[in-house]
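First comes the structure, then the notes that go with it.
Protein chains: 2
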Amino acid sequence: MKINNEDLKKMFYDKCAERGLKITPQRSVIFDELVKATDHPTADAIYKRVRKTLSNISFDTVYRTLLSFTELGLVNLVEGTGEQKRFEPNLRHHHHFRCIKCYTIYDFENDAYNDIAVPEAVQRQGVIINKRVVLEGICSRCKGK
Amino acid sequence: MKINNEDLKKMFYDKCAERGLKITPQRSVIFDELVKATDHPTADAIYKRVRKTLSNISFDTVYRTLLSFTELGLVNLVEGTGEQKRFEPNLRHHHHFRCIKCYTIYDFENDAYNDIAVPEAVQRQGVIINKRVVLEGICSRCKGK
DNA sequence: CACTATATAGTAATCATTACTATTTGTAAA
DNA sequence: TTTACAAATAGTAATGATTACTATATAGTG
Numbered sequence: 001m002k003i004n005n006e007d008l009k010k011m012f013y014d015k016c017a018e019r020g021l022k023i024t025p026q027r028s029v030i031f032d033e034l035v036k037a038t039d040h041p042t043a044d045a046i047y048k049r050v051r052k053t054l055s056n057i058s059f060d061t062v063y064r065t066l067l068s069f070t071e072l073g074l075v076n077l078v079e080g081t082g083e084q085k086r087f088e089p090n091l092r093h094h095h096h097f098r099c100i101k102c103y104t105i106y107d108f109e110n111d112a113y114n115d116i117a118v119p120e121a122v123q124r125q126g127v128i129i130n131k132r133v134v135l136e137g138i139c140s141r142c143k144g145k
Numbered sequence: 001m002k003i004n005n006e007d008l009k010k011m012f013y014d015k016c017a018e019r020g021l022k023i024t025p026q027r028s029v030i031f032d033e034l035v036k037a038t039d040h041p042t043a044d045a046i047y048k049r050v051r052k053t054l055s056n057i058s059f060d061t062v063y064r065t066l067l068s069f070t071e072l073g074l075v076n077l078v079e080g081t082g083e084q085k086r087f088e089p090n091l092r093h094h095h096h097f098r099c100i101k102c103y104t105i106y107d108f109e110n111d112a113y114n115d116i117a118v119p120e121a122v123q124r125q126g127v128i129i130n131k132r133v134v135l136e137g138i139c140s141r142c143k144g145k
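Taken in sequence, the protein lines are chains A and B. At position 84 of the first sequence the residue is numbered 84 (the numbering used here), and the sequence of numbers has no breaks. At position 121 of the second sequence the residue is numbered 121 (the numbering used here), and the sequence of numbers has no breaks.
Here is the structure:
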């Protein structure tokens with residue numbers, strides 16, 4: 001199922017309306033850049049791309065907009081990024097459940113997950129050193145609040 | 001198979017010897033703290049813990065030591081952490097191959113991965129919103145260098 | 001078209017990370 | 001042992017990412 005640009009634009013308008021966010025040129029241009037992106041851009045990368053259209057947009061606007069788009073679910077944050085470096089003393093093969101509210105990481109072991117096969121296509125892209133399943137959600141502690 | 005503290009100490013000495021790293025009190029204490037840790041501490045958290053034993057150790061030493069331990073494989077870095085926030089415009093269910101050298105993230109789709117079951121134990125720990133397989137390794141581009 | 005809550009540009013403050021330097025120390029060889 | 005010196009450290013500074021602030025501008029409603 002292919003999602004076309006019309007659908008995306010509609011989603012953008014709907015989600016903004018839902019939360020009472022105004023449709024500004026800045027937000028529109030940032031959204032368009034996200035739709036075009038095939039990578040996982042940083043705020044600064046988006047800022048640079050957007051400035052080609054809106055030459056005097058501020059970094060702050062881009063950054064805040066990306067964060068609000070993330071809340072709206074128009075874009076996701078790649079797991080872990082933007083957090084402080086975290087060191088993992090547990091060297092056993094294990095997997096993660098991450099809470100997206102408090103950023104706590106819960107380790108768990110699972111044989112089925114350990115055994116997942118690496119797809120051919122990925123094997124051709126590089127050498128795999130580590131396989132991990134990352135489950136994201138809201139932990140019980142945060143759910144209670 | 002349980003790994004005991006003797007084995008860990010030996011691994012510490014061996015890995016340091018292998019790379020010509022001196023065994024300093026600072027490194028020993030930092031290693032001990034890592035072995036004790038059951039969480040995914042930040043450099044600052046380790047710094048605070050280590051200061052209880054070595055009250056005037058500098059943050060820089062802790063930080064550098066953690067990075068060198070990471071290179072030695074005595075500890076791992078939780079995927080993504082320490083990197084700039086990265087935004088993911090691709091809303092389709094997909095998975096990641098991350099290069100640990102250049103930090104590039106390659107998206108791929110895989111039905112088998114989409115269908116993995118969430119273990120009972122994890123379901124009790126919270127509500128799962130996203131399931132992703134994260135493969136880490138070295139991409140062809142970096143391998144060539 | 002006017003009003004007002006919201007958004008913006010420009011900039012400053014904060015925090016994490018990394019770099020630097022003078023001094024100290026682990027370790028190998030005498 | 002003692003000595004010599006490469007490597008490591010403490011203390012601190014520089015950099016870079018993120019977040020906060022404020023006066024001005026504007027989207028969208030009535």
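Glycine included, each C-beta is placed from N, C-alpha and C at the ideal position.
Could you tell me whether the Cβ of V35 of chain B comes closer than 8 Å to any Cβ of chain A? yes
For the alpha helix (DSSP H) containing Y113 of chain B, list its first residue and its last residue. 111-114
Could you give the residue range of the beta strand (DSSP E) that holds Y106 of chain B? 105-108
Comparing C-alpha positions only, which one of B:D14, B:G126, B:H40, B:N110 sits nearest to Q84 of chain A? B:H40
Considering I46 of chain A, what are the terminal residues of the alpha helix (DSSP H) in which it resides? 43-50
Let's test the definition: count the other Cβ atoms within 10 Å of the Cβ of C139 of chain A and tell me whether it reaches 16, buried, or not, exposed. buried
Name the two residues that bound the continuous alpha helix (DSSP H) containing E33 of chain B. 25-36
I'd like to check one pair, F97 of chain A with G144 of chain B: are the Cβ atoms closer than 8 Å? no
C-alpha distance - H95 of chain B paired with N130 of chain B, whole-angstrom precision: 11 Å
Helix, strand or coil for V78 of chain B? Go by DSSP, reduced to three states. coil
Selected residue, minimal CA-CA separation from I57 of chain B, among B:G82, B:S68, B:I30: B:I30
Looking only at its chain, what residues have a beta carbon closer than 7 Å to the beta carbon of L77 of chain A, apart from the 5 residues adjacent to it on each side? T70
Residues in the stretch 40-54 of chain A having any Cβ partner in chain B nearer than 8 Å: H40, P41, T42, A43, D44, I46
Just to confirm before moving on: does the CB-CB distance between E136 of chain A and E88 of chain A stay below 8 Å? no
Just verifying my parser: in three-state terms, what is the DSSP assignment at N56 of chain A? coil
Measure from the alpha carbon of R27 of chain A to the alpha carbon of each residue in A:P119, A:K101, A:Y63, A:T104, then state which is nearest. A:Y63
May I ask you to list the residues that DSSP assigns as paired with C99 of chain B? B:G137
What residue range does the alpha helix (DSSP H) around D14 of chain B cover? 5-19
Here's the rule: buried if 16 or more other CB atoms are within 10 angstroms of the residue's CB, otherwise exposed. What is I23 of chain A? exposed
Opposite I128 of chain A in the DSSP bridges: which residues? B:G137
Using a beta-carbon distance cut-off of less than 7 Å, what residues from the stretch 126-140 of chain A approach chain B? G126, V127, I128, I129, N130, K131, R132, V133, V134, L135, E136, G137, I138, C139, S140
Flag this pair as yes or no: are the beta carbons of N114 of chain A and P119 of chain B separated by less than 8 Å? no
Looking only at its own chain, which residues have a Cβ that is under 8 Å from the Cβ of N90 of chain A, when we skip the five neighbours before and after it? D107
For a quick check, are the C-beta atoms of N5 of chain B and V35 of chain B less than 8 Å apart? yes
Whole angstroms are fine: how far does the CA of M11 of chain A sit from the CA of K44 of chain B? The residue you asked about is not Lys; residue 44 of chain B is Asp in the sequence shown. So the alpha carbons of these two residues sit roughly 41 Å apart.
Could you give the DSSP three-state label for E229 of chain B: helix, strand or coil? Examination of residue 229 of chain B is not possible in this model, given that chain B is present from 1 through 145 alone.
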